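For the sequence shown, counting from 1, position 109 maps to 110 in my numbering; every step adds exactly one. Following: one structure in structure tokens, then a few remarks.
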Amino acid sequence: MAQKMIPLSEQPLLERAHAAGLTTGRDRLAAMSPQCAFGELGTCCRMCYMGPCRIDPFGNGPQTGICGASPDTIVARNLLRECVGGAASHVGHARHVLLTLRDALDGKAPYEIHDVSKLFAVAGKFGIATDGRSVDDVARDLVNVSLQDFSRQDGQPANWLRARAPRKEFEMWRDKGLVFSNPHNEFETAMHRTSMGNDADPTSLLLAELRMGLVDGYAGLTMATDLQDILFGTPQVTVLEANVGVLQAHSVNLAVHGHNPVLSEKILEWAGKLNDEARAAGAEGVNVVGVCCTGNELTMRHGVPMAAHNLQSELILATGAVDAMVVDIQCIWPSTAMFASCYDTAFITTDEMVRIPGATHIEFEPTHADDQAQAIVRAAIEAFKKRKGKPVHIPDLKSTGFAGLSVEAIVGILSKVNAQDPLKPVIDNIVAGNIVGAAGFAGCPSLKLRDTAMTETMVKALLKENVLVVTTGCTAHICAQAGLLNSQATEKYAGDKLKAVLAAVGEAAGLGAPLPPVWHMGSCVDNTRIVDLVAALADRLDVKISQLPVAGSAPELVQEKAISIGSWLLALGLMVHVAPAPRVLGSQLVTKVLTQDLESITGGKAYVEYDGEKAAAGMLAHIRAKRAALGI
Ligand code: BF8
Ligand code: SF4
Numbered sequence: 002m003a004q005k006m007i008p009l010s011e012q013p014l015l016e017r018a019h020a021a022g023l024t025t026g027r028d029r030l031a032a033m034s035p036q037c038a039f040g041e042l043g044t045c046c047r048m049c050y051m052g053p054c055r056i057d058p059f060g061n062g063p064q065t066g067i068c069g070a071s072p073d074t075i076v077a078r079n080l081l082r083e084c085v086g087g088a089a090s091h092v093g094h095a096r097h098v099l100l101t102l103r104d105a106l107d108g109k110a111p112y113e114i115h116d117v118s119k120l121f122a123v124a125g126k127f128g129i130a131t132d133g134r135s136v137d138d139v140a141r142d143l144v145n146v147s148l149q150d151f152s153r154q155d156g157q158p159a160n161w162l163r164a165r166a167p168r169k170e171f172e173m174w175r176d177k178g179l180v181f182s183n184p185h186n187e188f189e190t191a192m193h194r195t196s197m198g199n200d201a202d203p204t205s206l207l208l209a210e211l212r213m214g215l216v217d218g219y220a221g222l223t224m225a226t227d228l229q230d231i232l233f234g235t236p237q238v239t240v241l242e243a244n245v246g247v248l249q250a251h252s253v254n255l256a257v258h259g260h261n262p263v264l265s266e267k268i269l270e271w272a273g274k275l276n277d278e279a280r281a282a283g284a285e286g287v288n289v290v291g292v293c294c295t296g297n298e299l300t301m302r303h304g305v306p307m308a309a310h311n312l313q314s315e316l317i318l319a320t321g322a323v324d325a326m327v328v329d330i331q332c333i334w335p336s337t338a339m340f341a342s343c344y345d346t347a348f349i350t351t352d353e354m355v356r357i358p359g360a361t362h363i364e365f366e367p368t369h370a371d372d373q374a375q376a377i378v379r380a381a382i383e384a385f386k387k388r389k390g391k392p393v394h395i396p397d398l399k400s401t402g403f404a405g406l407s408v409e410a411i412v413g414i415l416s417k418v419n420a421q422d423p424l425k426p427v428i429d430n431i432v433a434g435n436i437v438g439a440a441g442f443a444g445c446p447s448l449k450l451r452d453t454a455m456t457e458t459m460v461k462a463l464l465k466e467n468v469l470v471v472t473t474g475c476t477a478h479i480c481a482q483a484g485l486l487n488s489q490a491t492e493k494y495a496g497d498k499l500k501a502v503l504a505a506v507g508e509a510a511g512l513g514a515p516l517p518p519v520w521h522m523g524s525c526v527d528n529t530r531i532v533d534l535v536a537a538l539a540d541r542l543d544v545k546i547s548q549l550p551v552a553g554s555a556p557e558l559v560q561e562k563a564i565s566i567g568s569w570l571l572a573l574g575l576m577v578h579v580a581p582a583p584r585v586l587g588s589q590l591v592t593k594v595l596t597q598d599l600e601s602i603t604g605g606k607a608y609v610e611y612d613g614e615k616a617a618a619g620m621l622a623h624i625r626a627k628r629a630a631l632g633i
């Protein structure tokens, strides 16, 4: 049975926050509980002002809204709107990186292309000629085909979908009407479709939801990952440190929080350049640490320490040691500004769209990146001067591991085992049953499940059964803090067969130690990397993705972004475990489509289970069934 236990790193910080008179997410959840059951079940409709209408799932009271909308309609409409929220976040992120690349090529923004081979590889997928052409010309063509997707009105498949979708799945999507054209048109249509008096057919709404998943997958995640790699470099294996103990009492601690490396890369660059100013202020230097996904981005590319996942973003400020928290977009709790005001922390918002009462706003535009990044680093140094000499409380908790396992890095490692056919060692070991399958863990930490260590429980249970685990997002922070990303974890948690494979590959690759059993593949937009890996395996075996012995999980669902990513994975044909349940249980029809009927349409299925051991067992059963169907 799952145990209730507040994670070690959080206990002393909770006490300090309380002593300072602050409430934490835990306190606010307790004060909020029990939460609204109509909301949880998805049967509250606020689409018009005759409502709000709510449907009692036990059959008491009205069974339709005032307009006659059924619970199936209400649930499916609400779900699609959540999916729009998630996909819009990722597409907005990707478009920002795209415009930064355009501005860099035009000489207006101080960024450079760091990975020419990635640029040429991606451009090749779009049919852009690369032979004998300059880097800038190829990059400009890539920018133009990307911009075209945001303006096209011809109904043709988006360039990013056409170029980056796996072949077999693309054909299936075309047959089922899931191909999208212009991502912005999809948002408009989805909001229109779900407003009062339009689409009432739950099946049609669910198809739109899957299509929105593809919008997120290709115009959001894939575009963001590819363009970030081109601009900032494709990650290679690096050593990481994680947890609150990465803060340094005598340094200027500058925490970057959010998602977009366009900001955090510049901050990191200028933190290095302004180290002398920090020393002149009496500090040992500037210590940039990462929170949430922008932390993952910097860790993957530069080995920057990962200080905190989303639930710890307010708590690390209670150390009194964070001189500046600099945020960009997404997952920023407004409470962090309140925490910052209690200490000497400069809390700095940087995006025009993300304004938080109590924050200092230093607008960051890529065109003025150098000036603004300097101003931000100097604000952190100023805050340090105020903090210097005051007591800080940094819990002595720190774990180490490996990050940077991009597909390119993985192929690089495997090619030391088999240079001609790098995926062959993995496939041979899957066929032989030494690797039973693979599981992808993505997403957030949830206060509703954190104290049962949902993520760690599931990961450990699967490793024991020789299932290889890959991870992204805040789940990667959780795994790092739990010591699951290092070679010792292979010894401690992997089943004997998996252990032997990881040891042999680590040896052959010259690492001098086993590969870790959990591979850190990046931030949430980097779920692209997991899909690329799975697609490469399917391609190599000439099977559909839905036939592979793999499964995904968002073990502690929080964000709308997880709904849209999950929709992409369902469209790809994957099993997606999720807890808590998405807000669909108020509709038997929608629940049945997502958990059962979908399997005969795309091959994907949603799976809800709150108990970590049972959830892992469910994923394992799915993986085993896929093996049996393949005859291995
Ligand atoms: O995009 S894992 S809490 S930081 S949503 Fe947010 Fe969740 Fe963290 Fe990253 Ni992803
Ligand atoms: Fe109620 Fe229909 Fe209006 Fe929704 S759209 S609030 S169900 S009347």
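Every residue, glycine too, gets a C-beta built ideally from N, C-alpha and C. Just so we're clear, the structure is a prediction, and the values are computed from it rather than from any experiment.
### Task
Return the chain-ordered ranges of every alpha helix (DSSP H) run that is complete within the segment 8-69 and spans a minimum of 4 residues.
Qualifying alpha helix (DSSP H) stretches, in chain order: 12-20, 26-33 and 38-42.
### Task
Would you kindly work out how many angstroms separate the C-alpha atoms of residue 2 and residue 490, rounded to a whole number?
Counting from one through the sequence shown, the residue named residue 2 turns up at place 1. Counting from one through the sequence shown, the residue named residue 490 turns up at place 489. At residue 2 the pLDDT is 39, less than 50, meaning the model places this residue with poor confidence and gives no usable figure here.
### Task
For residue 318, I'd like the list of residues in its chain whose CB is within less than 8 angstroms of its CB, leaving aside the five on either flank, ordered along the chain.
To locate residue 318, count along the sequence shown from 1; it is residue 317. Result list for residue 318: 326, 337, 340, 341, 343, 344 and 346, in chain order.
### Query
Cβ of residue 53 versus every heavy atom of the ligand HEM: is any distance shorter than 7 angstroms?
In the structure on display, the ligand HEM does not appear, and the ligands it does have are the ligand BF8 and the ligand SF4.
### Task
Could you name the residues that DSSP lists as bridge partners for residue 361?
As a first step, residue 361 must be located in the sequence shown, where it is residue number 360. 349, per the DSSP bridge assignment.
### Message
Considering only the alpha carbon of each residue, which of 311, 230, 386 and 550 lies closest to residue 430?
### Response
On the sequence shown, position 429 is the one that residue 430 refers to. Of the candidates 311, 230, 386 and 550, 550 places its Cα closest to the Cα of residue 430.
### Reference residue 224; option with closest CA among 196, 568, 543 and 166
To locate residue 224, count along the sequence shown from 1; it is residue 223. Cα-wise, what sits closest to residue 224 is 166.
### Message
Using CA atoms only, rank isn't needed, just tell me which of 578, 628 and 268 is closest to residue 455.
### Response
Numbered from 1 along the sequence shown, position 454 holds the residue referred to as residue 455. If we check each option's Cα against that of residue 455, 578 comes out closest.
#### Entry: Three-pair Cβ contact test at 8 angstroms for the segment 150-168 versus the segment 214-231
As far as the Cβ criterion goes, the segment 150-168 touches the segment 214-231, which means the pair count is three or higher.
### Message
Using a Cβ-Cβ cutoff of less than 7 angstroms, which residues in the same chain neighbour residue 44 once the five nearest sequence positions on both sides are dropped?
### Response
What you label residue 44 is simply residue 43 of the sequence shown in a count that begins at 1. The beta carbon of residue 44 is closer than 7 angstroms to those of 55, 56, 58, 72, 75, 76 and 587 in its chain, skipping five residues each way along the sequence.
### Task
Look up residue 615 in the DSSP assignment and say whether it is helix, strand or coil.
Position 614 of the sequence shown, counted from the first residue, corresponds to residue 615. The answer is helix: DSSP assigns residue 615 an H, G or I state.
### Task
Could I get the ranges of all uninterrupted alpha helix (DSSP H) runs contained in the segment 292-338, with 4 residues as the minimum, in chain order?
The segment 292-338 contains, as complete alpha helix (DSSP H) runs of 4+ residues, the segments 293-303 (chain order).
### Message
Could you give the first and the last residue of the continuous alpha helix (DSSP H) run that contains residue 188?
### Response
As a working note, residue 188 is residue 187 in the sequence shown. For residue 188, the enclosing alpha helix (DSSP H) begins and ends at 184-195.
#### Entry: Candidates 179, 322, 405 and 369: closest to residue 523 by CA position
Reading the sequence shown from its first residue, position 522 is the one you call residue 523. Comparing Cα positions, the closest option is 405.
### Query
Should residue 329 be labelled buried (16 or more other beta-carbon atoms within 10 Å of its own) or exposed?
Walking along the sequence shown from the start, residue 329 turns up at place 328. Buried: at least 16 other Cβ atoms inside 10 Å.
### Task
My understanding is that residue 288 touches residue 257, with C-beta atoms under 8 angstroms, so please give their C-beta distance in whole angstroms.
The sequence position of residue 288 within the sequence shown is 287, counting from 1. The sequence position of residue 257 within the sequence shown is 256, counting from 1. About 11 angstroms separates the CB atoms of residue 288 and residue 257; that is not less than 8 angstroms, and the two are not in contact.
### Task
Leaving out five residues on either side along the sequence, give the residues of the same chain with a beta carbon under 6 angstroms from the beta carbon of residue 103.
Locating residue 103 in the sequence shown gives position 102, where the first residue counts as 1. Taking C-beta separations shorter than 6 angstroms and ignoring five residues to either side along the sequence, the partners of residue 103 in its chain run 144, following chain order.
### Task
With residue 254 as the anchor, note down where its beta strand (DSSP E) starts and where it stops.
If you number the sequence shown from 1, residue 254 lands on position 253. Here the beta strand (DSSP E) through residue 254 covers 253-258.
### Task
Tell me whether residue 544 sits in a helix, a strand or coil according to DSSP, three-state version.
Indexing the sequence shown from 1 puts residue 544 at position 543. Shown here, residue 544 sits in coil according to DSSP, grouped into three states, outside any helix or strand.
### Task
With DSSP collapsed to three states, give me the class of residue 3.
Your numbering for residue 3 matches position 2 in the sequence shown. Caution is warranted here: a pLDDT of 47 is assigned to residue 3, below 50, making its placement in the model unreliable, and no coordinate value can be reported.
### Query
Looking only at DSSP bridge pairs, what is residue 472 linked to?
For the purposes of this step, residue 472 is identified with residue 471 of the sequence shown, where counting begins at 1. Per DSSP, the beta-bridge partners of residue 472 are 442 and 521.
### Task
Would you list the one or two residues that DSSP bridges to residue 553?
Position 552 of the sequence shown, counting from 1, holds the residue named residue 553. Note: residue 553 is bridge-paired with 441 and 577 in the DSSP secondary-structure output.
### Query
With C-beta atoms as the reference, is residue 632 less than 8 angstroms away from residue 397?
Numbered from its first residue, the sequence shown carries residue 632 at position 631. Numbered from its first residue, the sequence shown carries residue 397 at position 396. Their beta carbons are not under 8 angstroms apart, which means residue 632 does not touch residue 397 by this criterion.
### Query
Are residue 360 and residue 368 closer than 8 angstroms when you measure CB to CB?
For the purposes of this step, residue 360 is identified with residue 359 of the sequence shown, where counting begins at 1. For the purposes of this step, residue 368 is identified with residue 367 of the sequence shown, where counting begins at 1. No, these two residues do not count as a Cβ contact at 8 angstroms.
### Message
Taking the straight line between their C-alpha atoms, what separation do you get for residue 440 and residue 535?
### Response
If you number the sequence shown from 1, residue 440 lands on position 439. If you number the sequence shown from 1, residue 535 lands on position 534. A straight-line Cα-Cα distance of about 10 angstroms links residue 440 and residue 535.
### Task
Examine the ligand BF8 and report whether any of its heavy atoms sits within less than 7 angstroms of the Cβ of residue 331.
Start at 1 with the first residue of the sequence shown, and residue 331 comes out as number 330. Checking every heavy atom of the ligand BF8 against the Cβ of residue 331, one is found closer than 7 angstroms.
#### Entry: beta-carbon residue 93 near the ligand SF4 non-hydrogen atom, thresh 7 angstroms
On the sequence shown, position 92 is the one that residue 93 refers to. Flag unset: Cβ of residue 93 not near the ligand SF4.
### Task
Measure the alpha-carbon distance for residue 113 versus residue 304 and round it to whole angstroms.
Numbered from its first residue, the sequence shown carries residue 113 at position 112. Numbered from its first residue, the sequence shown carries residue 304 at position 303. For residue 113 and residue 304, the gap between their C-alpha atoms comes out near 20 angstroms.
### Task
Could you pull out every residue in the same chain whose Cβ sits closer than 7 angstroms to the Cβ of residue 220, ignoring the five residues on either side in sequence?
Residue numbering aside, residue 220 sits at position 219 when the sequence shown is read from its first letter. 92, 95, 150, 159, 161 and 184, listed in sequence order.
### Task
Could you tell me which of 502, 527, 525 and 627 sits nearest to residue 516, measuring between CA atoms?
Working through the sequence shown from its first residue, we reach residue 516 at position 515. Closest by C-alpha distance to residue 516, out of 502, 527, 525 and 627, is 502.
### Task
Tell me where the beta strand (DSSP E) around residue 402 begins and ends.
Numbered from its first residue, the sequence shown carries residue 402 at position 401. Boundaries of the beta strand (DSSP E) harbouring residue 402: 400-404, taken from the DSSP string.
### Query
Hey, residue 26 and residue 457: beta-carbon distance below 8 angstroms or not?
Position 25 of the sequence shown holds residue 26. Position 456 of the sequence shown holds residue 457. It is not a contact, given that the beta carbons lie outside the stated cut-off.
### Minimum length 3: unbroken beta strand (DSSP E) runs contained in the segment 375-428
Whole beta strand (DSSP E) segments, 3+ residues: 400-404.
#### Entry: Exposed unless 16 or more other CB atoms sit within 10 angstroms - verdict on residue 546
Along the sequence shown, one-based indexing puts residue 546 at 545. Residue 546 comes out buried.
### Query
What residues match up with residue 608 in a beta bridge as DSSP calls it?
By one-based count along the sequence shown, residue 608 stands at place 607. The partner list for residue 608 (beta bridge, DSSP) reads 578.
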